[in-house]
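Heads up: the sequence shown begins at 1 in full-length UniProt numbering, then just goes up one per residue.
Accompanying notes for the structure given below.
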Amino acid sequence: MFAEIANYANDAAAVEKSLRLLQALVQIAAGTTASAADAKTWNMARGQFALARRYLRLFKWIDFGQSTQQAFASSEPDPSRRMLKTVKNALLALYFFMEMFCITNAMNITNSSFLVSLQHHALQIWFFAISVSFVLTSYELLCFSTSSATKPQLYTNLVIDCCDILIPGSAVNWIPVSSVAVGVASSISSLIVGKQIWERVQTEAQLKEQRKRDKAARKVRFDAGTKASEDEKEEVEKSEDKRGGSNGVVNGSVKALVNAVGDGNGSVKKRSKQA
């Protein structure tokens, strides 16, 4: 269990979503407490969690820029689907790019009114990006014959979009909801996405461990034919005896021993071919 937790903790996306969940929880606490002093403390914690998340996604616009290029150049047969994917990734890239310049205000290094306005417009762009994502998922559900394994993921994406859109919508006063409702919605989406990241991280860790074991096994078997196990030698000799015998070589990469016996010093002697 500790290995799984370590794998999750070493993933940047997992850390960001964990901080997002903590931010949502303290936002709920700040909105439900009756004490003004406690609310101030919770809001301070919320701001610190939000700032930590911004460090992790400072250059996230590069990833979405690449995704935009890939979506635009893809061989997607449906032009509407390709357009929606391209617009979605382009808007997200623009949002993170604009937000990157506002980090000095978030760090209280500057207090620029221009950056405040830029952050406001960035949140509007994020709202549009989530809206396009919602339209894209709905389009895929309604216009494509999705499999039973794909439909649950699409419905999950709809739930995530419905929760996430409250964050920028409330920030720019387009959706009139309380901070507690925003915190609850953010908690739900963070838990769902966190579960998806957990599954991805564990799968990647298992594949990586399997590749390590395979590499170690190949190194033992094919290290110049000198470390092949006795069982492997016997199996090779038996198979060659059944075929009537043949000349073999040790090549160090593919065959360990073929019709050969060791002289005890790591060298190999060829067996004389029977008439």
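Note that the Cβ used here is the ideal one computed from N, Cα and C, for glycine as well.
Predicted, not measured: the structure shown is a model, and the values here were computed from it.
### Query
For residue 276 versus Leu191, is the C-beta spacing smaller than 8 Å?
Only positions 1 to 275 of the chain appear in this structure, which leaves residue 276 out of reach.
### Query
So is Pro79 buried or exposed if we call it buried at 16+ other beta carbons inside 10 Å?
Of the other Cβ atoms in all chains shown, fewer than 16 fall within 10 Å of the Cβ of Pro79; this residue is therefore exposed.
### Task
Look up Val182 in the DSSP assignment and say whether it is helix, strand or coil.
DSSP, reduced to helix, strand and coil, places Val182 within a helical segment of the structure shown.
### Query
Buried or exposed: where does Arg211 fall if 16 or more other Cβ atoms within 10 Å of its Cβ makes it buried?
exposed
### Query
Distance, Cα to Cα, Ser145 vs Pro77?
Ser145 and Pro77: Cα-Cα distance of roughly 14 Å.
### Task
Closer than 6 Å by C-beta to Trp61: which residues in its own chain qualify, once you throw out the five before and the five after it? Chain order, please.
Ala93, Phe96, Phe97
### Query
Just curious, the alpha helix (DSSP H) that Ala149 is in, first and last residue?
No alpha helix (DSSP H) holds Ala149; DSSP gives it neither H nor E.
### Query
Is there contact here, the segment 133-144 with the segment 158-168, by at least three beta-carbon pairs under 8 Å?
yes
#### Entry: Supposed contact pair Ser186 and Ala24 - C-beta distance, whole angstroms, cut 8 Å
About 4 Å separates the CB atoms of Ala24 and Ser186; that is less than 8 Å, so the two are in contact.
### Query
Over what stretch of residues does the alpha helix (DSSP H) that includes Arg46 continue unbroken?
36-56
### Task
Please confirm whether Leu123 and Val172 have their CB atoms less than 8 Å apart.
Yes.
### Message
Just to confirm the assignment: which complete alpha helix (DSSP H) runs, minimum length 4, are found wholly within the segment 80-111?
### Response
103-106
### Task
Starting from Ser75, trace the alpha helix (DSSP H) both ways and give me its first and last residue.
Per DSSP, Ser75 belongs to no alpha helix (DSSP H) and is neither H nor E.
### Query
Where does Ile125 land, buried or exposed, given buried means 16+ other C-beta within 10 angstroms?
buried
### Query
Cβ of Val26 within 8 Å of Cβ of Arg53?
no
### Query
So what does DSSP say about Thr33, is it helix, strand or coil?
coil
### Message
With a threshold of 7 Å on Cβ separation, who are the neighbours of Ile160 within its own chain once the five nearest residues in sequence on each side are excluded?
### Response
Ser189, Ile192, Val193
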